[in-house]
Amino acid sequence: MSELRLLPMAVRDLDEVLAIEQRAHLAPWTKGQLTDSLTAGNWAYVLRALGVDDAPDTLLGYCVLMPGVDDISLLNIAVDPSYQGQGYAKKMLLVMEDQAIAKNFLKLFLEVRASNAPAIGLYQKMHYQQVGIRKAYYPVHEAPREDALVMMKELVKP
Ligand SMILES: CC(C)(COP(=O)(O)OP(=O)(O)OC[C@H]1O[C@@H](n2cnc3c(N)ncnc32)[C@H](O)[C@@H]1OP(=O)(O)O)[C@@H](O)C(=O)NCCC(=O)NCCS
Numbered sequence: 011m012s013e014l015r016l017l018p019m020a021v022r023d024l025d026e027v028l029a030i031e032q033r034a035h036l037a038p039w040t041k042g043q044l045t046d047s048l049t050a051g052n053w054a055y056v057l058r059a060l061g062v063d064d065a066p067d068t069l070l071g072y073c074v075l076m077p078g079v080d081d082i083s084l085l086n087i088a089v090d091p092s093y094q095g096q097g098y099a100k101k102m103l104l105v106m107e108d109q110a111i112a113k114n115f116l117k118l119f120l121e122v123r124a125s126n127a128p129a130i131g132l133y134q135k136m137h138y139q140q141v142g143i144r145k146a147y148y149p150v151h152e153a154p155r156e157d158a159l160v161m162m163k164e165l166v167k168p
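When you number the sequence shown by my numbering, it's gap-free, plus one each residue, and the end is 168.
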């Protein structure tokens, strides 16, 4: 039985975060970008499990959000490929939504690659809706650039 903890991301987490970032993403952030995400007033959190697979402490995933004036944007979310499909991204996002509501952010925006079926599946499951498209937004190695879907959810107090 494991115990989950969502904790503010710290500099000491960055090597582990970078390792997941490089395995999970098509175009991973650099260590510099991850470091910047800690210092720019963003919300950056890591999800850790104590006692999963007999390990004392395992980094499962992380997320980074950027607060705006009335709304907040999801800049990054990833779960270690070994632990995907177990509800961890949904758990992180639900906590972030609750925190955003508590701070009076009215909307949560995000951008996602048009081909990223797992992420789009996650956002649809959580009732995000497509509100726009950025044509040829993402560079793809030796291929035409890929569109970004802009998705949004109205955050409402329960
Ligand atoms: C997207 C990502 C964060 C999802 O993490 P996860 O922990 O596996 O997702 P969850 O287990 O919380 O899934 C929640 C819901 O998302 C949807 N989902 C998850 N994986 C899916 C897949 N491979 N295909 C379709 N839908 C999927 C499902 O609706 C799922 O609910 P269900 O299990 O009840 O059916 C993960 O795949 C990941 O890290 N991808 C690489 C990084 C990335 O692309 N981040 C998003 C950038 S915009």
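Cβ atoms here follow ideal geometry from the backbone N, Cα and C, with glycine treated the same way.
None of these values were measured; they are calculated from a predicted model.
Here the alpha carbon of Ala37 sits roughly 29 Å from the alpha carbon of Leu165. Within the region 123-151, the runs of alpha helix (DSSP H) at least 4 residues long that lie entirely inside it are, in chain order, 127-135. Nearest neighbour of Asn86 by Cα position, chosen from Val74, Gly97, Gln94, Lys113, turns out to be Val74.
When DSSP assignments are scanned along the region 42-116, the uninterrupted stretches of beta strand (DSSP E) that are 3 or more residues long and fall wholly within it turn out to be 53-60, 68-77, 81-89. The beta-carbon distance between Met102 and Tyr138, rounded to whole angstroms, is 14 Å. This is too long to meet the 8 Å contact definition. Between Ile143 and Ala129, the CB-CB gap reaches or exceeds 8 Å. Between Lys41 and Pro149, the alpha-carbon positions lie close to 19 Å from each other. In terms of Cβ geometry, Met76 and Lys100 do not form a close pair [threshold 8 Å].
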